[in-house]
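What follows is a short report on a single structure.
There are 2 protein chains.
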Amino acid sequence: MNTFTEENYLKAIYHLSLQSGSVSTNQIAASLSTKAASVTDMLKKLAEKELINYTKYQGVTLTSPGEKIAISIIRKHRLWEYFLVEKLNFKWDEVHDVAEELEHISSKDLIDRLDDFMGHPKYDPHGDPIPDSSGKFKTHELKPISALAANEIGVVSGVREHSPAFLQYLEKVQLIIGRKIKVIEINDYDHSVILLVEDKKIQISREVANNLLITR
Amino acid sequence: MNTFTEENYLKAIYHLSLQSGSVSTNQIAASLSTKAASVTDMLKKLAEKELINYTKYQGVTLTSPGEKIAISIIRKHRLWEYFLVEKLNFKWDEVHDVAEELEHISSKDLIDRLDDFMGHPKYDPHGDPIPDSSGKFKTHELKPISALAANEIGVVSGVREHSPAFLQYLEKVQLIIGRKIKVIEINDYDHSVILLVEDKKIQISREVANNLLITR
DNA sequence: TAAAATATTTAGACTGATCTAAATTTATTA
DNA sequence: TAATAAATTTAGATCAGTCTAAATATTTTA
């Protein structure tokens, strides 16, 4: 088995890879709130174990075993988040830190039974897809609300940012997963958007429109 | 917060204290499968943090903050064991190792919600009492079957040994928590005991009779 | 394309947890 | 109670993960 730290590095590299392909030392350091020198040290160890492809100064990618581990951590994280919200009545902005701990519990049997217990959910409370027992998952094609034009519609299906502040705001204005929305008007000047949500008009800033994802 | 290792030391000291009062370095080393020298090092750290009372060569006891932490770990361990057996359908001999990991998840909120979710169970799957949110618990007066005389009765309520092998054996012969038993006969020579369990006679060895606890 | 800025790596050190081997203290027993 | 045995502690080392400061490589830009 790997240490918590190694698992956190693999997970960080996985998430960063989704956006940029190859991942830099500094990106990892920022994402883990650590120093570039520490990252270099760890990259050597992970490369030694053949969990990443690493050549000095050139950034890293995950190997296939490394990616498998990263996905299993993400599966655990998201299933635990689902459990916390659906069974233990946590709010969606409260679960991240606890799930960060729970995701390192090693037993695969445990997580598969938890998955059974909850009826194999496909998405976590933030709309992120939950990999199945073999690591497969498909993400629905999401786009930010800011990509819609006036009169277009969609269903809130995910978020690009997971900070408690952002999630609490969304909860407050009832822009939660599953809500149907319609774009009424887009402000030319500041790109704020007026939406119809549950028959009420609400206005959201460009930032929010960028970080709130919809399907259809 | 404390490290996993510190928590494991406190828990071990707590369990050992129940039997012997003051706990020796070697007892701790044996219980944690580590070396006496390592234990000495850790005892210094725990004493420094005022979690134990420690004077060189004299053994240790927990301070009141140390005991509080130990009990909170035990609460977590036993609640998770209950969860694993009652909700995820683990067998009672399969839960120990997973619970050893889960007991170190730090969130008190999590464990209190888990407790709510399960309806505040009083005993774990092995009959051990679960401390409540404030750390209080009462243990019913248990005695081993070997303390009974012929014709006395009791209810299986706990085990003195938690090894999977022992638990599997008990499961096989249906000597599980809650079962009513009656002592039919005690063999003078080897102290094996013949019991009536669910209208069937079964014979158990002295060892088993010593490690299986009953109430009433 | 050479200089400046930025990113990355190396060197050397620290902390927590562990170990072996040696020294010391306590307990046992002859 | 003195010698022996057992338990415990100390000394010194190692490993994982981290850090700062210095060195080196890469990228940007003038």
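As given, the protein sequences belong to chains A and B, one line each in that order. Residue numbers for the first sequence follow the numbering used here, so the first one is -9 and each next one is one higher. Residue numbers for the second sequence follow the numbering used here, so the first one is -9 and each next one is one higher. Backbone N, C-alpha and C fix where the C-beta goes; we use that ideal spot for every residue, glycine too.
**Request:** State the start and end residues of the unbroken beta strand (DSSP E) segment that holds Y44/B.
**Result:** Judged by DSSP secondary structure, Y44/B falls within the beta strand (DSSP E) whose first and last residues are 42 to 44.
**Message:** Taking 7 Å as the threshold (C-beta atoms), are Y179/B and D114/B in contact?
**Reply:** By the CB criterion at 7 Å, D114/B and Y179/B fall outside the cutoff.
**Prompt:** Name the chain B residues whose beta carbon is nearer than 7 Å to that of F107/A?
**Reply:** Chain B residues near F107/A: K77, L78.
**Asked** CA-CA distance, H110/B and I174/A?
**Response** The straight-line gap from Cα to Cα measures roughly 50 Å.
**Item:** Per DSSP, cross-strand counterpart(s) of T205/A
**Value:** The partner list for T205/A (beta bridge, DSSP) reads V145/A.
**Request:** Using a Cβ-Cβ cut-off of 7 Å, state whether R206/B counts as contacting chain A.
**Result:** With its beta carbon at least 7 Å from every one in chain A, R206/B lies outside the interface.
**C-alpha gap between V88/A and H94/A, whole angstroms** = Taking the straight line joining both Cα atoms gives about 11 Å.
**Asked** Does DSSP classify K39/A as helix, strand or coil?
**Response** Correct three-state label for K39/A: coil.
**Asked** So, are the CB atoms of V145/B and K112/B less than 7 Å apart?
**Response** No Cβ-Cβ contact shorter than 7 Å links V145/B with K112/B.
**Prompt:** How far does the alpha helix (DSSP H) with T(-5)/A in it reach, from first residue to last?
**Reply:** -6 to 10 is the span of the alpha helix (DSSP H), which, as asked, contains T(-5)/A.
**Message:** Out of A137/B, R196/B, L132/B, V183/B, which one is the CA nearest neighbour of I167/B?
**Reply:** For the residues A137/B, R196/B, L132/B, V183/B, the minimum Cα distance to I167/B belongs to L132/B.
**Request:** Name, in chain order, the residues that DSSP records as bridge partners for Q292/B.
**Result:** Limits of chain B in this structure are -9 at one end and 206 at the other, which puts residue 292/B out of reach.
**Asked** For R206/A, which residues from the same chain have a beta carbon less than 8 Å from its beta carbon, with the 5 sequence-adjacent residues on both sides left out?
**Response** For R206/A, same chain residues with a beta-carbon under 8 Å away, outside a window of 5 residues either side, are I143, G144, V145 in chain order.
**Asked** alpha helix (DSSP H) containing T15/A: first to last residue?
**Response** Looking at the DSSP string, the run of the alpha helix (DSSP H) that includes T15/A is 15 to 22.
**Beta-carbon contacts of Q164/A that lie in its chain and below 8 Å, excluding the five residues immediately before and after** = Excluding residues within five positions, the ones whose Cβ falls inside 8 Å are V187, E188.
**Prompt:** Thinking C-beta only, is H181/B closer than 7 Å to V149/B?
**Reply:** The answer is no: Cβ separation not under 7 Å.
**Prompt:** Hey, would you say I64/B sits closer than 7 Å to L0/B, going by beta carbons?
**Reply:** In this structure, L0/B does not lie closer than 7 Å to I64/B by Cβ.
**Item:** Check whether P121/A and F127/A have beta carbons under 7 Å apart
**Value:** P121/A places its beta carbon less than 7 Å from that of F127/A.
**Prompt:** How is the beta strand (DSSP E) around V50/B delimited, first residue to last?
**Reply:** 50 to 52 is the extent of the beta strand (DSSP E) around V50/B.
**Asked** Do N200/B and the ligand SAH come close, with the Cβ less than 6 Å from some heavy atom?
**Response** In terms of ligand content, the structure shown is empty, and the ligand SAH therefore cannot be addressed.
**I59/A - DSSP class collapsed to helix/strand/coil** = Correct three-state label for I59/A: helix.
**Prompt:** Given that L92/B touches chain A, what residues does it touch there, using C-beta distances under 7 Å?
**Reply:** Chain order gives the chain A residues near L92/B as I95, where near means a beta carbon separation below 7 Å.
**Residue nearest to I204/B in terms of C-alpha spacing, selected from K172/B, D102/B, S195/B, K162/B** = Ranking K172/B, D102/B, S195/B, K162/B by Cα distance to I204/B puts K172/B first.
**Asked** Does R65/B come within less than 7 Å of chain A when only Cβ atoms are used?
**Response** Taking CB atoms only, R65/B has no neighbour in chain A less than 7 Å away.
**Prompt:** What in chain A is Cβ-close to L104/B, meaning under 8 Å?
**Reply:** Per Cβ cutoff of 8 Å: L78.
**Message:** Can you pull the chain A neighbours of V88/B, defined as C-beta to C-beta under 9 Å?
**Reply:** Below the 9 Å Cβ cutoff, chain A contributes I95, S96, S97, D99, L100 as neighbours of V88/B, in chain order.
**Request:** Might you give, ordered along the chain, the residues of its own chain that have their beta carbon closer than 6 Å to the beta carbon of V13/B, omitting 5 neighbours on each side?
**Result:** Correct list, in chain order: I3, L6, S7, G49, V50.
**Prompt:** Just the Cα atoms here: how many angstroms apart are T(-5)/A and A19/A?
**Reply:** When rounded, the distance between both Cα atoms is 13 Å.
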